[in-house]
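S.K.:
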Amino acid sequence: MDEAVKARIQGIIDEHPIVLFMKGTRNFPQCGFSATVVEVMKRLDADFHGVNVLEDPEIREGIKEFANWPTIPQLYVKGEFVGGCDIVRDMFTAGELTPIVNGALDGTVDK
Amino acid sequence: MIEPNVIEERIRENVPGVSHLALEDLTGGKDHYKAVVVSAAFDGKSRVQQHQMVYRALGELMAGPVHALALQTYTPEAWGQRGKSLL
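For the record, the sequence lines run as chains D and Y. Counting in my numbering, the first sequence runs from 212 upward without gaps. Counting in my numbering, the second sequence runs from 527 upward without gaps.
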């Protein structure tokens, strides 16, 4: 992955407290796994910055190398990779996601 | 598309100390799988790190042949606990 793509990705996750690299958009997710994470975010009432990788092939491939994670969706909170669909859903079910997300949105969670 | 035994072999060969491995073809199309992996090597690792170990074991298989892999990873101790909570 060239440095420009890496810098673009880093810029996006630094700029927004919560970022979801997904297939499609929050209103029109194009993949069940992405739709599941969008649903979790809705239930947490957590706003997020969505990146539609279907419209950005460079990011679509670069993000997999960036996180050493081969699939989409990928959720980032405060610049940190949290997980894909399974982990986000499991963390939500276990109540582990709420403090992380709330902390990011009101800026109390340190990086 | 990839045969399940290829995935199982790759995980067993590249994730040390696998004590339990269950693989399920979710659609019958041999490209959407679910895997439950139990290994002592997961000890002290976050869930993301555990899953990354499995993904690293599968390597290029995840870049096409396997479209989706639902992963559940456990240490032997967590796996033992899980059994109890289901009873």
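Just so you know, even glycine gets a beta-carbon here, dropped at the ideal spot from N, CA and C.
Who are the neighbours of Y:L597 on chain D, taking C-beta pairs under 7 Å?
M.R.: For this step, residue 597 of chain Y is matched to residue 71 along the second sequence. By Cβ distance, chain D contributes D297.
S.K.: Relative to chain Y, which residues along the region 274-291 of chain D have a C-beta separation below 9 Å, given in chain order?
M.R.: Those would be K275, A278, N279, W280, P281 and T282, in chain order.
S.K.: Would the beta-carbon of Y:R538 fall within 7 Å of that of Y:L584?
M.R.: If you number the second sequence from 1, residue 538 of chain Y lands on position 12. If you number the second sequence from 1, residue 584 of chain Y lands on position 58. No; because the gap between Cβ atoms is not below 7 Å, this pair is not in contact.
S.K.: Under a CB-based cut-off of 7 Å, is Y:Y581 close to chain D?
M.R.: Indexing the second sequence from 1 puts residue 581 of chain Y at position 55. Taking Cβ atoms only, chain D reaches closer than 7 Å to Y:Y581, which makes this a yes.
S.K.: Mark D:L308 as exposed unless 16 or more other C-beta atoms lie within 10 angstroms of its C-beta, in which case mark it buried.
M.R.: Sequence index remark: in the first sequence, residue 308 of chain D carries index 97 (1-based). Buried is the call here.
S.K.: Using a C-beta to C-beta distance shorter than 7 Å, which residues of chain Y count as neighbours of D:G306?
M.R.: The residue labelled residue 306 of chain D in the question sits at position 95 within the first sequence. Residues of chain Y passing the Cβ test: none, with the nearest at roughly 15 Å.
S.K.: At the level of alpha carbons, what is the spacing between Y:L587 and D:D267?
M.R.: In the second sequence, counting from the first residue as 1, residue 587 of chain Y sits at position 61. In the first sequence, counting from the first residue as 1, residue 267 of chain D sits at position 56. About 23 Å.
S.K.: Taking 6 Å as the line, does the beta carbon of Y:E534 fall inside it for any heavy atom of the ligand NAP?
M.R.: Of ligands this structure carries none, so the ligand NAP is not represented either.
S.K.: Examine chain Y for any beta-carbon lying closer than 7 Å to the beta-carbon of D:G235, and answer yes or no.
M.R.: Residue mapping note: residue 235 of chain D aligns to position 24 of the first sequence, counting from 1. Answer no: the Cβ-Cβ gap between D:G235 and chain Y never drops below 7 Å.
S.K.: Starting from the C-beta of Y:E529, find all residues in its chain whose C-beta is less than 6 Å away, skip the five residues before and the five after it, and write them out in chain order.
M.R.: Along the second sequence, read from residue 1 onward, the residue named residue 529 of chain Y stands at position 3. Closer than 6 Å at the Cβ level, and outside the excluded window around Y:E529, lies no residue.
S.K.: Does the region 219-239 of chain D come close enough to the region 275-290 of chain D to have 3 or more Cβ pairs within less than 8 Å?
M.R.: The region 219-239 of chain D vs the region 275-290 of chain D: in contact.
S.K.: Evaluate contact between the region 545-563 of chain Y and the region 235-249 of chain D, counting only Cβ atoms and requiring at least three cross-stretch pairs below 8 Å.
M.R.: Short answer: they don't touch.
S.K.: Quick one: what's got a C-beta closer than 8 Å to D:M212's C-beta in the same chain, skipping five residues either side?
M.R.: In the first sequence, residue 212 of chain D corresponds to position 1, counting from 1. Excluding positions up to five away in sequence, the list reads E272, G273, E276 and F277.
S.K.: Give me the chain Y residues within the contact set of D:G323, using Cβ-Cβ distance strictly less than 8 Å, ordered along the chain.
M.R.: The displayed coordinates of chain D run from 212 to 322. Any statement about residue 323 of chain D would go beyond what the structure contains.
S.K.: I'd like to know whether the C-beta of Y:Q578 is nearer than 7 Å to at least one C-beta of chain D.
M.R.: The count along the second sequence starts at 1 and reaches residue 578 of chain Y at position 52. By this cut-off, Y:Q578 is an interface position.
S.K.: Verify the CB distance criterion: does D:G261 have a CB-CB separation below 7 Å to chain Y?
M.R.: Position 50 of the first sequence, counted from the start, is the residue given in the question as residue 261 of chain D. Answer no: the Cβ-Cβ gap between D:G261 and chain Y never drops below 7 Å.
S.K.: Who does D:F292 pair with in a DSSP beta bridge?
M.R.: Along the first sequence, read from residue 1 onward, the residue named residue 292 of chain D stands at position 81. Its beta-bridge partners are D:Y287.
S.K.: From the beta carbon of Y:V574, is the nearest beta carbon of chain D less than 7 Å away?
M.R.: Residue 574 of chain Y sits at position 48 when you count from the first residue of the second sequence. It does: the Cβ of Y:V574 has a partner Cβ on chain D nearer than 7 Å.
S.K.: If you draw a straight line from the alpha carbon of D:D321 to that of Y:K571, how long is it in whole angstroms?
M.R.: Position 110 of the first sequence, counted from the first residue, corresponds to residue 321 of chain D. Position 45 of the second sequence, counted from the first residue, corresponds to residue 571 of chain Y. For D:D321, the predicted model reports a pLDDT of 49, less than 50, meaning its position is unreliable; a value from the coordinates is still stated below. When rounded, the distance between both Cα atoms is 21 Å.
S.K.: Could you compute how far the alpha carbon of Y:R595 sits from the alpha carbon of D:D297?
M.R.: For the purposes of this step, residue 595 of chain Y is taken as residue 69 along the second sequence, with counting starting at 1. For the purposes of this step, residue 297 of chain D is taken as residue 86 along the first sequence, with counting starting at 1. Strictly speaking, residue 595 of chain Y in this sequence is Leu, with Arg absent from that position. In a straight line, the C-alpha of Y:L595 is about 9 Å away from that of D:D297.
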